[in-house]
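FYI, in the numbering used here the residues of the sequence shown are 2 to 323.
Idealized CB from N, CA, C, for every residue including glycine.
On a predicted model such as this, the values are computed, not experimentally measured, just so you know.
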Amino acid sequence: MRRPKTAFITGITGQDGSFLAEQLLNSGWQVFGLVRRSASGNLWRLEHLIGRVVLLDGDLLDLGSLVQAVTTAQPDHVYNLAAQSFVATSWKQPLLTGEVTALGAARLLEAVRIARPDARVYQAGSSEMFGTSEADQQREDTPFHPRSPYGVAKAYAHHLAVNYRESHGMHVVAGILFNHESERRGPEFVTRKISMAAARIKLGRQKVLKLGDVTVRRDWGFAGDYTRAMHAMLCRDQPEDYVIATGESWSVSDFVDRAFSAVGLDHRLYVEHDPSLLRPAEIPVLRGDASKAREELGWRPKVCFDALVERMVRADLKREAP
Ligand code: NAP
């Protein structure tokens, strides 16, 4: 019997990992995922997939564990989604961010080179690598000027992914994904903080929502649409880099407005400015140009901004309801 196509996902316990695992399983793939040790549990996004995915112990900080995991999984596709992914934390823990998000990617590429060099590898790059960009819309060839230790770490990982493709001839694809959200987003991220607050205030369980700079504009899509794009990138025989974005940019204030409207509340009565939440260096606006992905991968986002906010608020209302 032929072995099913096999994927190995680092960061499987995260937002994107859970969507990607689900999509791959539904397409008949076998899925292995790397899980780091946690004293308090990190499997809440995977509960519905337990028994269908094979979880392997390991950590991006530990090369031996990665070599062992890749040797066990013998994957056709490797998705490196693991990272210290929260921008705000990257100023407080810049060295850890570099160790995990930058050098962790290097360790994973090494593990694949040693244990399964013909696997196709996806590296999860970010629009944060562009930072302050002169371009009105950022594309694959827009120069990077990252504005946070997270952006710098991702830029290192991106360049190294391209370097492994060019110097070792490995099939490595570097995605450059703009912000993508969902009801599975971590509660520390601003979008989820807003959707949770709208739900909790509606239910009388919270009084105010404190935010930093609400004028910041981002290109926000739905995570499930973006994980489809990751898989499409690896299915293409030519490894290249792709920007994935909606092409629209909305402010944090727009997000707040839509979230509170979804529960019939006037946000102006509940939102407070908190200067302690301002970042040491901000990126005022990001907006991507995904024409290449549209043309070469046939990729298009299915969930629009309003529908995304609505679905996050609905999910939080359900979670928070007594
Ligand atoms: P996420 O929800 O924060 O998930 C991060 C994952 O990395 C979690 O599974 C986490 O495990 C794991 N991880 C952290 N440190 C690790 C370590 N030392 N060893 C092994 N695993 C470790 O992130 P996401 O939103 O799914 O994003 C997926 C990837 O895309 C990340 O690399 C992120 O930086 C990148 N990205 C995200 C966006 C976005 O808007 N979501 C945009 C561009 C790029 P625990 O569960 O144990 O913490």
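Self-check item: Start and end residues, alpha helix (DSSP H) containing residue 26
Solution: 16 to 27
Quiz item: Given residue 307, which residues of its chain have a CB within under 7 Å of its CB, disregarding the five upstream and five downstream residues?
Solution: 259
Quiz item: Which full runs of the alpha helix (DSSP H) of 4+ residues lie inside the region 152 to 214, going along the chain?
Solution: Runs found: 191 to 203.
Exercise. Identify whether residue 115 lies in helix, strand or coil by the three-state DSSP scheme.
Key: helix
Exercise. Please name the residue or residues paired with residue 286 in a DSSP beta bridge.
Key: 218
Quiz item: For residue 264, does the three-state DSSP call read helix, strand or coil?
Solution: coil
Quiz item: Alpha carbon to alpha carbon, how far is residue 291 from residue 137?
Solution: 13 Å
Exercise. Report the residue from 88, 144 and 79 whose alpha carbon sits nearest the alpha carbon of residue 162.
Key: 79
Practice problem: Answer yes or no: the CB of residue 37 versus the heavy atoms of the ligand NAP, is any distance below 7 Å? | Solution: yes
Quiz item: Cβ atoms of residue 152 and residue 126: under 8 Å apart, would you say?
Solution: No, these two residues do not count as a Cβ contact at 8 Å.
Quiz item: Relative to the ligand NAP, is the shortest distance from any of its heavy atoms to the C-beta of residue 250 smaller than 7 Å?
Solution: no
Quiz prompt | Proximal residues to residue 210 (C-beta, below 6 Å), its chain only, five neighbours per side dropped | solution = 198, 271 and 272
Quiz item: What's the C-alpha gap between residue 251 and residue 284?
Solution: 13 Å
Quiz item: Any heavy atom of the ligand NAP closer than 7 Å to the Cβ of residue 274?
Solution: no
Practice problem: Specify whether the region 177 to 190 and the region 110 to 120 touch according to this definition: at least 3 beta carbon pairs, one from each stretch, less than 8 Å apart. | Solution: no
Quiz item: With distances taken between CB atoms, is the gap from residue 215 to residue 257 smaller than 8 Å?
Solution: In contact: residue 215 and residue 257 (Cβ atoms closer than 8 Å).
Practice problem: Please list, in chain order, all residues of the same chain as residue 237 whose beta carbon is under 6 Å from its beta carbon, the five residues on each side excluded. | Solution: none
Quiz item: Taking 7 Å as the cut-off, does the CB of residue 286 come closer than this to any heavy atom belonging to the ligand NAP?
Solution: no
Quiz item: Do residue 11 and residue 61 have their CB atoms nearer than 8 Å?
Solution: yes
Exercise. Could you tell me which of 111, 279, 246 and 160 sits nearest to residue 140, measuring between CA atoms?
Key: 246
Quiz item: Nearest-angstrom Cα distance between residue 110 and residue 64?
Solution: Approximately 10 Å, taken between the alpha carbons.
Quiz item: For residue 264, which residues of its own chain have a beta-carbon under 8 Å away from its beta-carbon, when the five flanking residues on both sides are left out?
Solution: 199, 200, 202, 203, 314 and 318
Quiz item: If you pair each beta-carbon of the region 224 to 231 with each one of the region 2 to 22, do three or more pairs fall below 8 Å?
Solution: yes
Quiz prompt | Between the CA atoms of residue 234 and residue 240 - distance to the nearest angstrom | solution = Roughly 8 Å separates the two Cα atoms.
Practice problem: May I have the straight-line CA-CA distance separating residue 157 from residue 267, to the nearest angstrom? | Solution: 43 Å
Practice problem: Please classify residue 88: does DSSP put it in a helix, a strand, or coil? | Solution: Helix.
Self-check item: Straight-line gap, residue 56 to residue 35 (C-alpha atoms, nearest Å)
Solution: 6 Å
Quiz prompt | CB-CB length for residue 149 against residue 91, believed under 8 Å | solution = Indeed they touch by this definition, with Cβ atoms about 5 Å apart.
Quiz item: Straight-line CA distance for residue 316 to residue 169?
Solution: Residue 316 and residue 169 have their C-alpha atoms spaced approximately 45 Å apart.
Quiz prompt | residue 122 versus residue 277 - alpha carbon distance | solution = 39 Å
Quiz prompt | First through last residue of the alpha helix (DSSP H) which encompasses residue 232 | solution = 224 to 236
Quiz item: Alpha carbon to alpha carbon, what distance is there between residue 253 and residue 173?
Solution: Residue 173 and residue 253 have their alpha carbons spaced roughly 34 Å apart.
Quiz item: Does DSSP put residue 72 in a helix, a strand or coil?
Solution: helix
Practice problem: Assign residue 404 to one of two classes, buried (16 or more other C-beta atoms within 10 Å of its C-beta) or exposed (fewer than that). | Solution: Residue 404 lies beyond the residue range present for the chain, which begins at 2 and ends at 323; the question has no answer from this structure.
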